[in-house]
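Residue numbers (the working numbering): 454 to 930. Using N, Cα and C, we set each Cβ at its ideal position, and we do this for glycine too. Quantities reported herein were computed from a predicted structural model and do not represent experimental measurements.
Put into structure tokens, the structure is as follows:
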């Protein structure tokens, strides 16, 4: 496991049994995260958008499992020690030592299998810079395959179908180049006088529209509701420029950059604009807007003065450019929102967990239900009326001592009430725990992270809801 990952209590009972087969060398499980990734958090959609990795673990890893090409992800896996030793230890020639270690084990004739159960959770990158840096490191490490002995395309021992599965993973990182290219192509209409793709309105209606609608209809169905077609593009846009540069750099100088650990435990008390990611997007946004304006002006000028057959054909070719430019402007606008990290003042994640609790407070015993719990506190909705007040005029007494007992877990914690909200029928208390003993902290961690079935599969929003979310993102203040 990575240091920030926490397994559920049944992790070993669900994975070790596979090793009864002597040819099983490694069992990989999905990565889950207990905090939202920065893309969802910065857009205010942390309860809606799924982590970027979800499509990989829900759709791609099972497919790769069928081909014998499962990726060892470096955490949440079990491997036989004697097999690791026989393989010469972890592969250290690359930044992604886990991936190539799995390849070497498979090349030795052992099965690397995938169990699609969420049995652990870790901390996702907490700002967009760390999120992008992590993916650039993965890209560099994976593409180093072309320059090391553990190259899945040439290493002895793999079957052709396994090599094909790994080739797909290697080529994936080149999609950043194509995405960057699709941002640049509409600019050719106005700045270069070139029409890359010519299409009449009828051709768009008969060919592009049906294809696009079918793609939207089946996209999330094919990936088992892990990614929406309309929302898919926002995951890759913020880092398509640095990804393109990284891919080119790795092909020219594969070992030019060393390993950098993703920073974790980061908090912010203000908005932070990431200029390294944002500046290329701003330039592209302005260039696309100017290009669209020039194309529209050209069309209006031609139509107003009468046009020849050649000019009419050119204007028909521009129609796709208009649609393309408008789409790019919308997506670039959303990408610019993503590269602005919003405040995140709390180092600890608050989980929506409901637990019956008994409170001893102000010489009263009251019952309630937790709405959120973290490692440092809880929010409790009282289920009965209680006469509780904070003396806000006296800083020495503005916090009420309280003892909280979780009935089911038989866990008793002391703390203080820091906030009382009486805006609804049920009063809600915000409680901050006193420093916990080691045993109290372990019990609380088990409640928050380690219960079997703790990390449930979520589904991406439908395409219609995704469309509404795009408008919501663009129109939010």
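C-alpha gap between residue 529 and residue 818, whole angstroms: 43 angstroms
Report the CB separation of residue 866 from residue 853 in whole angstroms; it is logged as a contact under 8 angstroms. Not really, about 15 angstroms apart at Cβ, beyond 8 angstroms.
Buried or exposed (CB count within 10 angstroms, at least 16 for buried), residue 626: buried
Residue 883 to residue 831 span [Cα, whole Å]: 6 angstroms
If you check the beta carbons only, do residue 565 and residue 555 fall under 7 angstroms apart? yes
Pair within 7 angstroms by beta-carbon distance, residue 478 and residue 536: yes
Could you tell me the alpha carbon to alpha carbon distance between residue 750 and residue 706, rounded to whole angstroms? 45 angstroms
On the DSSP letters alone, give me the boundaries of the alpha helix (DSSP H) that residue 925 sits inside. 916-928
With DSSP run on the structure shown, which of helix, strand or coil describes residue 783? helix
Cut-off 7 angstroms between Cβ atoms - residues of its own chain near residue 846, not counting five sequence neighbours on either side: Here the model assigns residue 846 a pLDDT of 47, short of 50, so the residue's position is not dependable, and the following value carries that caveat. None.
Where the beta strand (DSSP E) through residue 867 begins and ends: 864-874
Exposed or buried, residue 609, counting other C-beta atoms within 10 Å across all chains shown (16 or more means buried)? exposed
contact_flag[the stretch 567-585, the stretch 595-610] where n(CB pairs < 8 angstroms) is 3 or more: no
Same chain only: Cβ atoms within 6 angstroms of residue 745, ignoring 5 sequence neighbours per side: 778
If you compare alpha carbons, which of 473, 589, 912 and 907 is closest to residue 710? 589
Where does residue 624 land, buried or exposed, given buried means 16+ other C-beta within 10 angstroms? exposed
Could you give the distance in angstroms between the alpha-carbon of residue 481 and the alpha-carbon of residue 677? 19 angstroms
Distance check for residue 880 and residue 695, CA to CA, integer angstroms please. 49 angstroms
Under 6 angstroms: does the beta carbon of residue 858 sit that close to some heavy atom of the ligand ZN? As presented, the structure is devoid of all ligands, the ligand ZN included, so that no description of it is given.
Presumed contact (8 angstroms Cβ cut-off) between residue 919 and residue 661, rounded CB distance: Actually they do not touch by this definition, with Cβ atoms about 20 angstroms apart.
Output needed for residue 686: all residues of its chain with C-beta closer than 7 angstroms, excluding positions within five of it in sequence on either side, in chain order. 784
By DSSP, does residue 723 sit in helix, in strand, or in coil? coil
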